[in-house]
Every structure is written in structure tokens, then in C-alpha cells.
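Participant: Top line first, the protein sequences correspond to chains A and B. Everything in the first sequence is counted per numbering that gives the first Met the number 0, starting at 0 for the first residue and increasing by one. Everything in the second sequence is counted per numbering that gives the first Met the number 0, starting at 0 for the first residue and increasing by one.
Protein chains: 2
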Amino acid sequence: MPSIREVAKEAGVSIATVSRVINNAGGVAPGLHRKVSEAVKTCRYEPSVGKRSLTSISLIYPEGVWIGSPYDSACVQGMADAMRETNFDLLLVDVKRDKLASESLKQFFTRKGILGAVVRSTSSARTAISQWAVEGLPLVVLGDHFDCPKLPFVYAASTAASRQAVEHLVSLGHQRIAFAACDRDDGDHLDRLSAYRGVLESHQLYDEKLVCRVPPHRLDGAQLLRNMLGMSLRPTAIFIADPLIAVGAINEAHRLGVRVPEDLSIIGFDDCDTRKSVYPQMTAVCQDATVLGRAAVQSLLSQIESAPAAKRHATTSEAWFEVGSTSGPAPHNPARILPSGARMNS
Amino acid sequence: MPSIREVAKEAGVSIATVSRVINNAGGVAPGLHRKVSEAVKTCRYEPSVGKRSLTSISLIYPEGVWIGSPYDSACVQGMADAMRETNFDLLLVDVKRDKLASESLKQFFTRKGILGAVVRSTSSARTAISQWAVEGLPLVVLGDHFDCPKLPFVYAASTAASRQAVEHLVSLGHQRIAFAACDRDDGDHLDRLSAYRGVLESHQLYDEKLVCRVPPHRLDGAQLLRNMLGMSLRPTAIFIADPLIAVGAINEAHRLGVRVPEDLSIIGFDDCDTRKSVYPQMTAVCQDATVLGRAAVQSLLSQIESAPAAKRHATTSEAWFEVGSTSGPAPHNPARILPSGARMNS
DNA sequence: AACGCTACCGAAACAGTTTCGTATAGGCTA
DNA sequence: TAGCCTATACGAAACTGTTTCGGTAGCGTT
Numbered sequence: 000m001p002s003i004r005e006v007a008k009e010a011g012v013s014i015a016t017v018s019r020v021i022n023n024a025g026g027v028a029p030g031l032h033r034k035v036s037e038a039v040k041t042c043r044y045e046p047s048v049g050k051r052s053l054t055s056i057s058l059i060y061p062e063g064v065w066i067g068s069p070y071d072s073a074c075v076q077g078m079a080d081a082m083r084e085t086n087f088d089l090l091l092v093d094v095k096r097d098k099l100a101s102e103s104l105k106q107f108f109t110r111k112g113i114l115g116a117v118v119r120s121t122s123s124a125r126t127a128i129s130q131w132a133v134e135g136l137p138l139v140v141l142g143d144h145f146d147c148p149k150l151p152f153v154y155a156a157s158t159a160a161s162r163q164a165v166e167h168l169v170s171l172g173h174q175r176i177a178f179a180a181c182d183r184d185d186g187d188h189l190d191r192l193s194a195y196r197g198v199l200e201s202h203q204l205y206d207e208k209l210v211c212r213v214p215p216h217r218l219d220g221a222q223l224l225r226n227m228l229g230m231s232l233r234p235t236a237i238f239i240a241d242p243l244i245a246v247g248a249i250n251e252a253h254r255l256g257v258r259v260p261e262d263l264s265i266i267g268f269d270d271c272d273t274r275k276s277v278y279p280q281m282t283a284v285c286q287d288a289t290v291l292g293r294a295a296v297q298s299l300l301s302q303i304e305s306a307p308a309a310k311r312h313a314t315t316s317e318a319w320f321e322v323g324s325t326s327g328p329a330p331h332n333p334a335r336i337l338p339s340g341a342r343m344n345s
Numbered sequence: 000m001p002s003i004r005e006v007a008k009e010a011g012v013s014i015a016t017v018s019r020v021i022n023n024a025g026g027v028a029p030g031l032h033r034k035v036s037e038a039v040k041t042c043r044y045e046p047s048v049g050k051r052s053l054t055s056i057s058l059i060y061p062e063g064v065w066i067g068s069p070y071d072s073a074c075v076q077g078m079a080d081a082m083r084e085t086n087f088d089l090l091l092v093d094v095k096r097d098k099l100a101s102e103s104l105k106q107f108f109t110r111k112g113i114l115g116a117v118v119r120s121t122s123s124a125r126t127a128i129s130q131w132a133v134e135g136l137p138l139v140v141l142g143d144h145f146d147c148p149k150l151p152f153v154y155a156a157s158t159a160a161s162r163q164a165v166e167h168l169v170s171l172g173h174q175r176i177a178f179a180a181c182d183r184d185d186g187d188h189l190d191r192l193s194a195y196r197g198v199l200e201s202h203q204l205y206d207e208k209l210v211c212r213v214p215p216h217r218l219d220g221a222q223l224l225r226n227m228l229g230m231s232l233r234p235t236a237i238f239i240a241d242p243l244i245a246v247g248a249i250n251e252a253h254r255l256g257v258r259v260p261e262d263l264s265i266i267g268f269d270d271c272d273t274r275k276s277v278y279p280q281m282t283a284v285c286q287d288a289t290v291l292g293r294a295a296v297q298s299l300l301s302q303i304e305s306a307p308a309a310k311r312h313a314t315t316s317e318a319w320f321e322v323g324s325t326s327g328p329a330p331h332n333p334a335r336i337l338p339s340g341a342r343m344n345s
């Protein structure tokens with residue numbers, strides 16, 4: 000375990016200079032800075048304990064902390080819950096803002112006092128996350144899953160339940176079934192899309208014009224609904240793979256006087272228990288993000304305690320399909336409905 | 000600024016022992032431990048920087064981290080939002096679990112690297128919080144308000160809006176108006192209760208049998224509704240000062256076939272935008288907890304930057320009353336409704 | 001009385017940070 | 001061009017706090 004003094008000897012400078020470089024304190028000439036950085040690497044220097052102990056488990060957002068969605072809220076809640084019995088604190092970290100390009104993830108963690116982290120991924124952060132994986136720190140990926148052998152993922156597999164949901168609609172006589180998902184496309188959403196597509200293709204009902212991505216907010220759900228209902232051959236059912244969008248759509252249906260499910264069936268998605276707050280109770284593919292947050296922390300704890308070899312590749316639970324009252328038989332003669340509420344028979 | 004060595008001299012022990020005492024590392028005889036603790040106090044010792052810098056702003060829960068309610072979720076979100084432009088991280092801390100009885104809040108903060116904290120208060124934590132106030136650290140209290148000159152509070156004043164809400168019900172002809180609130184009683188809820196009581200007393204309608212406190216969960220809201228509807232002289236309207244309870248009650252009404260607002264008016268409370276997810280859209284007293292979270296952080300930042308003299312006693316916004324579709328004229332002959340759904344005319 | 005065990009505590013070694021002083025390069029003035 | 005001045009870069013040393021290691025005192029056991 001090399002100390003700052005060894006690095007100093009290696010680089011031919013004083014320990015003060017090394018300290019400055021490590022902490023990015025400035026006042027070091029660019030040339031020397033590079034030289035010291037290299038020495039840090041060749042010595043495999045790691046800030047030692049004694050500086051301070053690592054007391055936090057962190058939820059890190061690769062590109063900006065964002066706890067707006069029910070999913071994130073529930074995850075945080077689950078994490079806090081799982082950490083109650085430990086001695087760690089929960090730290091919310093914005094990597095994009097705080098991590099210096101020149102430092103390794105390990106250095107970053109030590110600087111912040113982070114022992115392990117749950118990473119909230121989205122597809123655009125995948126490359127960065129994959130690079131972090133090689134450092135062997137305790138990490139767990141949440142909110143996305145992709146192929147990276149070194150990383151453990153925690154997610155609820157939603158393919159099967161999504162298939163059930165779409166089959167449910169088909170069995171109710173729906174021929175034109177639309178799909179909407181959050182525009183941030185991660186592995187979780189892709190699963191749902193491919194399940195949708197698979198089922199519809201097997202019934203020769205797939206139409207790519209009925210697939211859309213919208214931002215994950217209620218107002219966008221309302222907009223989505225208006226768009227869908229105004230189409231000349233409008234869908235009679237929508238599978239919406241995001242809770243806020245689904246709720247927004249259902250509310251907008253009420254506002255337009257569209258009866259759910261008589262005029263339009265909606266199957267939503269639920270990360271916690273939003274489906275129980277809407278009326279009629281939402282038919283939905285469900286997962287419990289609280290449980291995911293807990294599982295993520297537990298995975299971290301086991302990584303921390305035992306050898307990192309114990310890393311399991313993925314911890315999955317299964318999403319489930321729950322029939323509520325927003326899905327029903329397809330209408331025989333679905334009227335096109337304009338944003339004004341006016342109906343046009345097609 | 001005294002160092003650990005001065006304390007050692009004062010107590011007549013070695014610095015190692017002082018270090019052990021400070022970190023509660025054990026292996027120190029009780030007598031000596033007390034002696035050193037006293038020396039720490041008389042020297043006014045404070046762990047120095049160099050140990051590490053203070054990088055976090057914390058949300059501290061006096062008695063267990065709990066982010067289950069929409070209020071807390073929204074606050075966290077608002078805090079994270081406000082901290083995006085700063086260089087601080089958000090740390091969630093459980094004081095009950097982590098703070099040693101023997102250490103001061105300042106020591107606790109230094110140990111954790113906390114610069115300032117938003118305190119999520121409830122009435123049972125008030126005495127502890129008041130004691131912390133005298134240490135002069137950057138603190139802001141959220142979720143409760145009470146009389147403590149040294150503490151800045153951030154909350155939305157809900158008295159006026161609550162009065163409006165109850166007056167609204169009275170003006171619709173309701174004579175028996177119930178009140179329900181979360182059983183955790185903090186200043187925010189007390190305001191709403193006293194507003195309710197004030198209005199009803201001025202109309203000679205107050206009946207203490209119609210006031211109840213229930214745990215802040217949906218299922219308890221359902222239970223509440225069954226209790227209320229089964230009463231022999233049942234209320235025709237309920238003012239529910241907690242969002243989850245309100246939603247639970249509305250859902251249960253649907254389940255029992257009780258028409259809202261024809262059979263029963265419900266006015267709820269909303270911390271963010273839950274009212275927009277329920278159907279019919281909930282008449283509610285509203286506050287935006289996201290804004291409160293942001294304001295709390297801003298107050299902290301101003302305390303940190305400028306002198307602590309700049310502490311304002313309280314930052315309040317106003318809650319507002321929003322009429323939705325769950326409130327309407329009082330029914331002429333309100334039937335008593337049993338949990339089975341059976342109706343008994345009274 | 002001898003032995004062994006354990007808890008307690010200090011000396012010293014250690015890790016890292018920060019201050020303070022100095023040297024050097026480069027610019028400005030005479 | 002010489003002289004001076006200043007900012008910057010860097011090291012020595014002082015400092016803060018932690019941890020290890022070894023010694024000692026107290027106590028029970030044989």
C-alpha cells in the first residue's frame with residue numbers, strides 16, 4: 000500500500016506537491032502535474048484510510064440528480080429502508096457535476112467517502128458506467144440493464160408481464176393497440192417495447208405508426224392521448240410503459256369525456272402503487288421499485304462484506320400484470336375524438 | 000483553535016486516548032473517558048479541518064429516515080434541485096441511529112462532513128431540535144413549526160387556505176363536517192385542525208366526535224371512510240389534511256359505491272400534485288413541497304455564506320385552496336352506509 | 001507466589017494537509 | 001541593458017488526527 004511519500008519519490012517531487020495534485024488544488028505547473036499523475040498511476044496509489052473512513056453508500060446519477068419520477072422516489076425510499084440496519088448513510092451524488100475527468104472512480108469515491116454505489120443508469124450513460132466497472136468497486140446498476148459481465152444489475156424483468164398485458168388487450172378484441180414509453184430509453188423500456196412488438200407481430204397487428212416515445216410527465220401523457228384519439232384510424236387501446244404518462248392520459252380521457260375503458264382501453268405501468276390512486280383503478284404492468292432499491296443495497300452490502308468475486312451478474316424480480324378497470328372489450332365503432340371533445344365517426 | 004494535543008495536556012493523557020474518546024473507539028476506562036470528555040468541553044475542542052472538508056448538506060431525520068410520504072419525496076426532490084448549482088452533496092442522515100449521546104451536534108456534523116442541515120421535524124423531536132439550535136450551526140426546520148427564536152423554519156402557512164376550505168363546505172350546506180389528519184402531530188397539522196375548529200365553532204357546528212387522527216397511509220384512509228360512513232349521524236363532508244389518507248378515502252368511496260361528491264364531499268390536502276391523479280380531481284388545500292425543499296436549501300446556503308446573523312426566523316409561503324370535483328352540495332337525507340355497502344336511512 | 005489473561009493507555013510511527021519561505025521566470029521601469 | 005518587482009511554483013516543516021505496538025497494572029487461577 001503505497002503512500003503519498005512513495006509517489007513523491009517516484010515523481011521526484013515533495014509530498015506537498017503530490018497532495019496538491021491529488022486534490023486538484025491548483026498551483027502546480029501543467030508539466031509537473033502530468034508527471035505526478037503518472038507517478039500516482041504507476042505506484043497504484045490509493046488515498047489511505049486515516050484520511051477518513053468510508054461511511055456512505057451512494058446513489059449516483061451519471062448525469063444530474065433527478066428524483067422526479069415515482070420510480071426514483073421509490074428507489075430512494077427502498078435504499079434508505081435497507082440501510083436503516085447498517086451503519087452507512089445515503090449520499091446522493093451528481094457524477095457529471097462532481098467527478099473530475101482526471102480522477103478515477105476510486106479516487107472520486109475516496110474523496111467523497113463513498114464505499115459503494117447504486118448507479119441510476121440510462122442508455123446514454125452506459126459507456127461511462129461500463130468503464131467504471133473495471134475498477135472493481137462495489138457497484139449496482141438500477142433502472143437499466145445491458146450486457147456488461149462485470150456489473151451486477153437489479154431490475155424487474157417486465158417482458159413476460161408486458162406480453163400478458165398486450166395479449167390481454169388482443170383477447171379483448173383490440174386490433175389497433177398503441178404503445179407509448181418514456182423517451183429516455185433504457186433497457187427496462189426496451190424490454191417492454193419488444194414484448195409489445197413481439198405479441199402484435201405474432202397476431203399480424205403491428206403498426207409502427209402506433210409506437211411513440213414521450214417525455215415522462217403527466218402533461219405529455221395528456222398530449223399523447225389527444226394525438227392518439229385524433230388519428231384517422233385511432234387505436235382502441237394503449238399500452239403505456241410509464242406511470243406518469245399513463246396517469247396523464249387517463250386524466251385527459253376524463254377531461255375529454257372519453258369513457259375508459261368503453262371508448263378506450265389503457266394499460267399503464269406502475270413503479271409503486273400509483274395505479275391505486277387513479278380512477279378507475281389502472282390495469283397495469285407493475286413492479287415495486289422500493290423492493291428494487293432494497294435489493295440494490297443488499298447486493299452492495301454483500302459485495303462489500305464478502306469478496307467481490309461474489310458479484311452476481313443480475314438480481315431480477317418479475318414484474319406482474321394486474322387487471323384493473325381501465326381495460327375492457329374493444330369498442331365496435333371507435334369514434335375519432337378531437338381535442339375539442341367532438342366525435343367523428345370514421 | 001485548540002488541537003487534540005491541548006486537550007490531552009488538559010486531561011493529562013496522551014493524544015491517542017483523546018482520539019479514542021472522540022471517536023468512541025472503546026478501550027478507555029469510564030473514569031478517564033469522562034475526564035477527557037470534560038477536557039474536550041473546557042477546551043471547546045472541535046475536530047479541525049485537515050481531517051476533511053465539509054462537503055454535504057444533509058437532510059436529517061431525528062428519528063429514522065422515512066421518505067415514504069409524498070411530502071418527503073417532494074422535499075428531497077426540491078433539495079436536490081436547489082443543490083444542483085452548488086458544490087454540495089445531499090446526505091440523508093438518521094440522527095437517532097448515528098449520533099452519539101456524548102457528542103455535540105457540531106462534532107457530529109464534522110464527523111459526517113456535514114456543513115448544514117435541513118431537519119425534518121415532528122412534534123416529538125422538538126425538544127432535541129431546540130437544543131441543537133443553540134449550537135449555532137446552519138439549520139432549517141421543515142415539516143413542522145413551533146416557537147424557537149433561534150431556528151429558521153420553512154413551511155407553507157395553511158391556516159387561511161384551510162379556513163377557506165371549511166367555509167366552502169359550510170357554504171355548500173354541510174352541517175356535519177369531519178376532520179382527519181395524520182396521527183403524527185406537527186405544527187403544520189395543528190394549524191389545519193385549529194382552522195377547522197375555528198370556522199366550525201363560529202358556525203356552532205363543531206363536534207369533537209368528528210375529529211380523528213389516523214396513520215398517514217392509504218389503507219387507513221379507507222378505514223377512516225368506513226368508520227365515518229357507518230356513524231349513526233354520519234358527516235356529509237370530510238376535510239382530510241393528509242394526501243395519502245385523502246386518496247385512500249376517495250378510493251374506498253368508489254369501492255363502496257358511494258358517490259363523491261353527491262353522497263359525501265371530501266376535501267383533501269396535497270403536497271405536490273397528487274390531487275391531479277385521482278378522479279374526480281380532488282378539491283384540496285395545496286402546498287408545493289418541492290418549493291419548500293428548495294427554499295430550505297436556499298436558507299441554508301445564505302446562512303453558510305453570510306453571517307449566521309442573517310438567519311431569518313421563518314420562510315413561509317401560503318398554501319392555497321383549489322376547488323376540484325370532490326366537493327359539492329350537502330345531500331338532503333344522507334344515508335348511513337355500512338362497510339358491506341348497504342345503506343340505512345337514518 | 002508464580003503464572004497468565006485482559007483491559008488500559010502512552011510513545012511513536014504514519015497518513016495527509018497546510019503554511020510559510022524561497023527561488024525563478026518574466027515583465028516593467030529607468 | 002540593468003535593476004527591481006511580482007506572481008507562480010515548489011519544498012521544508014509544522015500540524016492535525018489515527019493506528020499500531022508494547023508495556024503495565026489489576027485480577028483470578030493454580
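We treat Cβ as the ideally placed atom computed from N, Cα and C, and that holds for glycine. A quick note: this is a predicted structure, and the numbers were derived from the prediction, not measured.
1. Buried or exposed: where does K208 of chain B fall if 16 or more other Cβ atoms within 10 Å of its Cβ makes it buried?
2. Spell out a yes or no on whether the region 178-187 of chain B and the region 108-127 of chain B are touching, meaning 3 or more CB-CB pairs, one atom from each, closer than 8 Å.
3. Can you list, in chain order, the residues of its chain whose CB lies under 6 Å from that of L150 of chain A, leaving out five sequence neighbours each side?
4. Between the Cα of P137 of chain B and those of B:S55, B:R19, B:V75 and B:G30, spot the shortest distance and give me the residue it belongs to.
5. Below 6 Å CB to CB, which residues in the same chain sit around P260 of chain B once its five sequence neighbours on both sides are set aside?
6. Going along chain B, which residues have a C-beta under 9 Å from Q286 of chain A?
7. Verify the CB distance criterion: does R293 of chain B have a CB-CB separation below 8 Å to chain A?
8. Kindly indicate which three-state DSSP category P14 of chain B falls into: helix, strand or coil?
9. Taking DSSP as the reference, what is the three-state secondary structure of S339 of chain A?
10. Quick one: Cα of I59 of chain A to Cα of V322 of chain B, how far?
11. For chain B, is any of its Cβ atoms less than 8 Å away from the one on N332 of chain A?
12. For a contact meaning CB atoms closer than 8 Å, what does R258 of chain A contact in chain B?
13. Quick one: what's R212 of chain B bridged to in DSSP?
14. With DSSP collapsed to three states, give me the class of S57 of chain B.
15. Given a cut-off of 8 Å, decide if V296 of chain B and F238 of chain B are closer than it, judged by their beta-carbon atoms.
16. Within 10 angstroms of the Cβ of P148 of chain A, are there 16 or more other Cβ atoms? Answer buried if so, exposed if not.
17. Going by CA-CA distance only, name the one from A:P234, A:T273 and A:G292 that's closest to A81 of chain A.
18. Using 8 Å as the limit for Cβ to Cβ distance, is G220 of chain A near chain B?
19. Quick check: is the beta carbon of N250 of chain A nearer than 8 Å to any beta carbon in chain B?
20. Over the uninterrupted beta strand (DSSP E) stretch that includes F347 of chain B, give me the two end residues.
21. Is any beta-carbon of chain B found at less than 8 Å from that of P26 of chain A?
22. Please report the Cβ distance between P368 of chain B and V118 of chain B, rounded to the nearest whole angstrom; I am assuming they are in contact, meaning their Cβ atoms lie under 8 Å.
23. What is the DSSP secondary structure of C285 of chain A, counted as helix, strand or coil?
24. What number of angstroms, rounded off, separates the C-alpha of W65 of chain B from the C-alpha of G112 of chain B?
25. Do you know how far the Cα of P69 of chain A is from the Cα of L243 of chain B?
26. Enumerate in chain order the residues of its own chain whose CB-to-CB distance from S193 of chain A is below 8 Å, with the five nearest sequence positions on each side excluded.
27. At a CB distance below 8 Å, what residues from the region 110-121 of chain B approach chain A? Give them in sequence order.
28. Does any CB atom of chain A fall closer than 8 Å to the CB of V277 of chain B?
29. C285 of chain A and A73 of chain A - do their beta-carbons sit closer together than 8 Å?
30. For chain B, find out if any of its Cβ atoms is closer than 8 Å to the Cβ of G142 of chain A; answer yes or no.
31. Return the chain-ordered list of same chain residues with a C-beta closer than 6 Å to the C-beta of A79 of chain B, the five sequence neighbours on each side being excluded.
32. Have a look at C228 of chain B and A116 of chain A and give me their C-alpha separation to the nearest angstrom.
33. Per DSSP, what are the beta-bridge partners of E317 of chain B in this structure?
34. Measure the Cβ-Cβ separation of K275 of chain B and R175 of chain A and say whether it is below 8 Å.
35. Comparing the C-beta of Q106 of chain B with each C-beta of chain A, is any distance below 8 Å?
36. Pull the bridge partners of G115 of chain B from the DSSP assignment, please.
Facilitator: In this structure, then:
1. exposed
2. yes
3. A132 and V140
4. B:S55
5. T325, S326 and G327
6. Under the 9 Å cutoff, chain B gives no residues; its nearest Cβ is about 17 Å from Q286 of chain A.
7. no
8. The question names Pro, but residue 14 of chain B in the sequence shown is Ile. Three-state result, I14 of chain B: helix.
9. coil
10. 40 Å
11. no
12. Residues of chain B passing the Cβ test: none, with the nearest at roughly 12 Å.
13. B:A180
14. strand
15. no
16. exposed
17. A:G292
18. no
19. yes
20. Given a span of 0 to 345 for chain B in the structure shown, any question on residue 347 of chain B remains unanswerable.
21. Correcting the residue identity first, residue 26 of chain A is Gly in this sequence and not Pro. Not an interface residue.
22. Only positions 0 to 345 of chain B appear in the structure, and residue 368 of chain B is not among them; the question remains open.
23. strand
24. 21 Å
25. 15 Å
26. T158
27. K111 and G112
28. yes
29. no
30. no
31. L89
32. Here residue 228 of chain B is Leu; the residue named in the question, Cys, does not match the sequence. If you take the alpha carbons of L228 of chain B and A116 of chain A, they lie about 49 Å apart.
33. B:A156
34. no
35. no
36. B:I56
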